Amino acid sequence: MSGWKPFAGSGEQLLLKVTSGPRKTAAGVMALAHYVARAQGQGEHARLELFDEMGEVVAVEDLKATIKGWDLLRNQENMRPGARDLVGEDNGVSLLPERERFWRNQAYHFVWSQTAEGTGLSETELASRMREATREFVFTEFAEREHQVLWGLHLDQPGRPHIHLIVKARSNGRKKGQLRLTPQILEDMRARLAKQARILDLPVHSERREDRPDLLRDILEGRAALRENVPRVAYDKDTSLAKQVPYWLSEEGQGWLRRKDRVAAIKKQSKDLPKQERSAFIKGQRPLSQPVKDTGRIPVEFHTLLACFAGIYSDPERALASYFKMVNGDGQSAKHKALAIWYLTRQPLAFGELVQGAETMLQPAAQAARACQTFPKVNWAKPPADLDKLTSKLTHKVRQRDQDRTTMLRGLGGLRHRLRLESVSSAHRDLVRNRMTEIRVFVPAQEQAQSIPQPALQRVVDFIRPKRKPTR
C-alpha cells in the first residue's frame with residue numbers, strides 16, 4: 460500500500476480498470492492476445508510488438524508459442540461439475556455460456572489510460588513514460604510473484620495512449636497462487652502504479668472519490684454516490700413510490716416509516732450483544748402470531764392469502780388491506796401487482812408489524828398473492844401534491860448513503876492496517892485516523908420538516924364491511 464498518496468494529488472487521475480469477463484479458456488486468452496497485438500489489422504497501428512513480464516519483446520509471430528508456454532488449463536480440466544454431467548448429451552455442454560461451463564479464470568485483462576491534455580505532456584512523451592512505468596510495474600507487481608504477462612501500447616486514439624495488460628491468473632511457482640481481484644486489491648494496485656509513474660515524472664495520482672474534500676460531504680449527505688459508475692436502477696422510468704403508488708404512499712407511508720424506526724431502535728439496543736444472539740434478540744421482540752378467528756368479512760377467494768398473512772403480521776386483515784391498496788396504488792385496478800408482491804417478499808414491513816417466524820411464510824404468501832386473479836376496489840382521496848420527502852426516507856437514498864459510509868470506513872480501516880504493516884510514517888496513519896473520525900461523527904443536515912396531511916377518515920378496501928350498529 461506504499462503507493463497510496465493521502466487525500467490529494469497533482470496531475471491527472473490514474474485510470475486503471477479491469478475489463479468485464481476474465482478469460483476462462485486458452486482459446487479466449489489467445490484471442491485476447493491477438494486483439495492487443497492487432498494481429499489481423501492493417502496499417503500503422505496493426506501487428507504491434509508486445510512485451511512479456513520481463514520486458515522482453517514478443518513478436519506477433521511468436522504469440523501462439525508464448526501463450527502455449529503459459530501452460531493454461533485445458534477445457535476438460537477446467538470444466539465445472541454441472542457441465543461434466545452434460546458431456547454425454549448432444550450439444551449439451553456447448554449450449555452453456557462460458558462462465559457456466561468452465562471453473563477457473565485463466566487470465567485477466569487490464570487497461571491503463573491517460574490523456575495528453577490532463578497530464579500536460581505531448582503524446583509522444585506521455586506514451587514513452589507510460590511504457591517505462593508499465594515495464595517497472597509489471598516486473599515488481601507480477602513477475603516477482605511468478606505471474607506471466609503480455610502487454611502492449613496502443614496509440615490509435617489521438618491524445619489518449621493506453622496500455623493493455625494480459626495477466627495469467629495462476630502463478631507458476633511451487634505454490635500455485637490464484638490472482639483474485641477485489642475492489643480493494645485493485646485500488647492498491649492502482650496506487651502502486653501511480654507511485655511508479657510519479658517516479659518517472661508522470662503527473663498522475665490515485666486519489667479516490669472519498670479522498671476529495673469537495674465530494675466527501677456530498678457523499679455523506681447522500682447527494683452523490685460513492686461509485687458513480689455502479690448502475691443503481693436498471694429501469695428507464697421513475698421508480699419512486701410517489702410516482703408509482705402515490706395513493707398508497709399517502710395513507711400507508713407514515714405507518715411504514717414508524718415501523719422502520721421501531722426496528723432500528725431495537726437493532727440499536729442489540730448492538731452490544733454477540734453476533735449469534737443479536738438476530739434472536741431482534742426477532743424475539745416481535746409478538747406471537749395469532750390465528751384469524753373471524754373470516755366472515757373477507758371473501759372466500761382471499762382466505763388462503765389471509766391465512767398466510769396471519770403467519771406474517773400481527774394484524775393480518777389490516778396488512779391485507781394495505782397490500783391491496785398498493786396493488787391499486789395509483790387508482791388503476793391491479794396495475795401494481797408485481798410491485799406489491801416484491802414488497803411483500805423483500806420489504807414485508809411495508810404492510811404491517813411482523814410476528815415471530817414471519818420469514819418462513821413470505822414465499823407461501825407470495826405464491827398465494829400471484830394466484831389471485833381478482834382484486835377489490837379502493838375508495839381513494841386525492842393524495843398530497845408533494846410526497847418527495849417521504850419517498851426519500853423510504854427508498855434507497857438513505858440506505859445507499861449509509862452503505863457508502865460503511866464502505867468508506869471499511870476501506871480506510873484496511874488502509875490503516877496496511878500502512879501499519881508497511882511501517883509507513885505515523886503522519887500518514889494519523890491522516891487516515893482523522894478521516895475515519897470525521898466520517899463517523901458526521902451528521903447529515905436535517906431536512907426541513909414537512910408535514911403530510913392525513914385524510915380525516917382512513918379509507919379501507921371495500922371488501923372489509925364494518926358491522927352496522929343495531930337500529931331501534
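Residues 460 to 931, numbered by my numbering, are exactly what the sequence shown covers, in order.
Ideal placement from N, C-alpha and C gives every residue a C-beta, glycine not left out.
Predicted, not measured: the structure shown is a model, and the values here were computed from it.
- The residue among Ala518, Glu711, Phe740 and Val902 with its C-alpha nearest the C-alpha of Ile725 is Phe740.
- If you draw a straight line from the Cα of Ala496 to the Cα of Gly502, it comes to about 13 Å.
- Between Leu614 and Phe569, the C-beta spacing is not below 8 Å.
- Cα atoms of Ala505 and Leu580: separation of roughly 25 Å, rounded to the nearest angstrom.
- A distance below 7 Å between beta-carbons, with the five flanking residues on each side excluded, links Arg560 to the following residues of its chain, in chain order: Met538, Arg539, Ala542 and Val552.
- When DSSP states are grouped into helix, strand and coil, Gln501 belongs to the coil group.
- Fewer than three pairs of CB atoms, one per stretch, sit closer than 8 Å, so the region 600–616 makes no contact with the region 817–833.
- Within a 10 Å sphere around the beta-carbon of Met785 sit 16 or more other beta-carbons, which makes this residue buried.
- For the pair Leu679 and Ile898, the CB atoms are nearer than the 8 Å cut-off.
- Pairing Lys483 with Gln565 gives a Cβ-Cβ distance under 8 Å.
- Membership of Leu716 in the alpha helix (DSSP H) is indicated by the continuous run Pro705 to Gln728.
- If you check the CB distance, Ala769 and Leu803 do not come in under 8 Å.
- Rounded to whole angstroms, the Cβ separation of Ala723 and Cys767 is 26 Å, and the two are not in contact under 8 Å.
- Here Leu640 really is in contact with Val477; their C-beta atoms are around 6 Å apart, less than 8 Å.
- Nearest to His493 by C-alpha distance, out of Lys635, Leu509, Gln822 and Thr763, is Leu509.
- Secondary structure note for Ser572: its beta strand (DSSP E) is the uninterrupted segment Ala566 to Ser572.
- Under a 10 Å Cβ-count criterion, Gly712 is classified as buried, with 16 or more other Cβ atoms of the shown protein chains found around its own Cβ.
- With a contact defined as Cβ atoms closer than 8 Å, Ala780 and Tyr772 miss out at about 11 Å.
- The continuous stretches of beta strand (DSSP E) do not include Phe601, and DSSP gives it neither H nor E.
- Gly788 is the residue among Gly788, Phe810 and Leu871 whose C-alpha sits nearest the C-alpha of Lys836.
- Lys734: member of the alpha helix (DSSP H) spanning Lys734 to Gly743, first to last residue.
- Around the C-beta of Glu557, fewer than 16 other C-beta atoms lie within 10 Å, and the residue is accordingly described as exposed.
- When Cβ pairs closer than 8 Å are counted between the two stretches, the region 656–667 is seen not to touch the region 882–893, the count staying below three.
- The alpha-carbon separation between Val883 and Leu554 amounts to approximately 52 Å.
- Just so you know, the alpha carbons of Gln616 and Arg682 end up roughly 34 Å apart.
- Contact annotation, Lys742 with Gln815: C-beta distance approximately 6 Å; criterion of less than 8 Å satisfied.
- Pairing Thr583 with Val516, the inter-Cα distance amounts to about 20 Å.
- By the C-beta density criterion, Thr865 is exposed, having fewer than 16 other C-beta atoms within 10 angstroms.
- A direct Cα-Cα distance of roughly 38 Å separates Lys730 from Lys752.
- In this structure, Met589 lies near Pro620, with their beta-carbon atoms less than 8 Å apart.
- Non-local beta-carbon contacts of Ala575 in its own chain, meaning distances under 7 Å to residues more than five positions away in sequence, involve Ser581, Glu582, Leu585 and Gly618 in chain order.
- Residue environment analysis places Trp801 among the exposed positions, since fewer than 16 neighbouring C-beta atoms fall within 10 angstroms of its C-beta.
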